[in-house]
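Working notes, structure below.
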Amino acid sequence: MGERRHFTEKQIVIASHNPGKVREIRELLAPFGVNVSSAGDMDLPEPEETGETFIDNAIIKASATASVSQLPALADDSGLCVDVLGGAPGIFSARWAGPDKNFGMAMQKIMEATADFETCKAHFVCALCLCWPDGHVENFEGYVHGALSWPPRGDQGFGYDPIFVPDGYDETFAEMDPAQKHAMSHRADAFNQLVAACFQPS
Ligand code: IMP
Numbered sequence: 030m031g032e033r034r035h036f037t038e039k040q041i042v043i044a045s046h047n048p049g050k051v052r053e054i055r056e057l058l059a060p061f062g063v064n065v066s067s068a069g070d071m072d073l074p075e076p077e078e079t080g081e082t083f084i085d086n087a088i089i090k091a092s093a094t095a096s097v098s099q100l101p102a103l104a105d106d107s108g109l110c111v112d113v114l115g116g117a118p119g120i121f122s123a124r125w126a127g128p129d130k131n132f133g134m135a136m137q138k139i140m141e142a143t144a145d146f147e148t149c150k151a152h153f154v155c156a157l158c159l160c161w162p163d164g165h166v167e168n169f170e171g172y173v174h175g176a177l178s179w180p181p182r183g184d185q186g187f188g189y190d191p192i193f194v195p196d197g198y199d200e201t202f203a204e205m206d207p208a209q210k211h212a213m214s215h216r217a218d219a220f221n222q223l224v225a226a227c228f229q230p231s
């Protein structure tokens, strides 16, 4: 791998319209004293996610936002992969919730599809892409492994958090204190890699 580009700017745009994700990334960026805005706040267009991998989709979102805002942009493409479903919903995690973003329905769909299995291993994936207005990109991928649990429990977090129990814990991500989730999540894993590569002095 070539030399990583360091982030030295004062401002960054989070290439997302998902308030749950924006809140988590904002919290993760808090220690770096960067001025954070989001594509949602700035009313920027949402590109179509036509990629075949989490990284492809993160690049599509970060490049579109960096290009229209002319600011460095950070995109997160993430999702839940269930082993017995061959990795579904995967990159289609948001789309399983339909246009109304109904995650109650998406979780129900997963429950029905896995009804024949007693234990369902699953993992969350988070691809992060940091893209500068000149088109340069840095990509990272993080994971957290665990299992599905029924019925959904907890009201913290977002998306599929109420049915995901990380390995070594009894609580779902939605029952945990957000700080505890941030310490072990797929987003934290990818974020730690990003910080080590781009936010530290060389
Ligand atoms: P994206 O905006 O296309 O990356 O969609 C990601 C989707 O994956 C989200 O809408 C959630 O459904 C799911 N997801 C990603 N990260 C998390 C998480 O930390 N907790 C719960 N669900 C998540």
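For what it's worth, my numbering labels the leading residue of the sequence shown as 30, then goes sequentially.
We put the CB at the ideal spot given by N, CA and C, even for glycine.
What's the C-alpha gap between residue i and residue j?
i	j	result
ASP163	ALA93	12 Å
PHE153	SER214	8 Å
ALA123	TYR198	25 Å
ILE120	VAL113	16 Å
PHE146	PRO48	33 Å
GLY69	ARG52	12 Å
ARG216	GLY133	22 Å
GLY31	PRO60	27 Å
PRO207	PRO181	17 Å
ALA95	PRO128	26 Å
HIS174	ALA151	6 Å
LEU109	ALA44	20 Å
SER107	MET205	20 Å
SER231	VAL63	Low confidence applies to SER231: its pLDDT is 44, below 50, so where it sits in the model is not reliable, and the reading given next is rough at best. Whole-angstrom Cα-Cα distance: 19 Å.
GLN185	ILE192	12 Å
ASN221	ALA142	34 Å
SER7	HIS211	Outside the shown range of the chain (30 to 231) lies residue 7, about which nothing can therefore be said.
Nearest to residue i by CA position, among the options, is which residue?
i	options	result
LEU58	HIS46, ASN131, ASP70, VAL42	VAL42
SER178	ASP196, TYR172, ASN168	ASP196
GLY171	ILE192, VAL224, GLN185	VAL224
ALA219	ALA104, GLY115, MET71, PRO76	ALA104
ASN86	GLN222, ASN168, ALA212	ASN168
CYS158	CYS227, VAL65, MET136, GLY186	CYS227
CYS160	GLN99, ASP72, GLU78	GLN99
If you measure from the CB of residue i, is any heavy atom of the ligand GDP nearer than 8 Å?
i	result
SER107	By its list of ligands, the structure shown excludes the ligand GDP, since it contains just the ligand IMP.
Verify the CB distance criterion: does residue i have a CB-CB separation below 9 Å to chain D?
i	result
PHE83	Annotation note: the requested chain D is absent from the structure, which comprises a single protein chain.
Task: Complete beta strand (DSSP E) runs within the region 75-129 (minimum length 3 residues, chain order) - done: 102-111
Task: Any heavy atom of the ligand IMP within less than 5 Å of residue CB: hits in chain order - done: ASP106, SER107, GLY108, SER122, ALA123, GLY188, TYR189, ASP190
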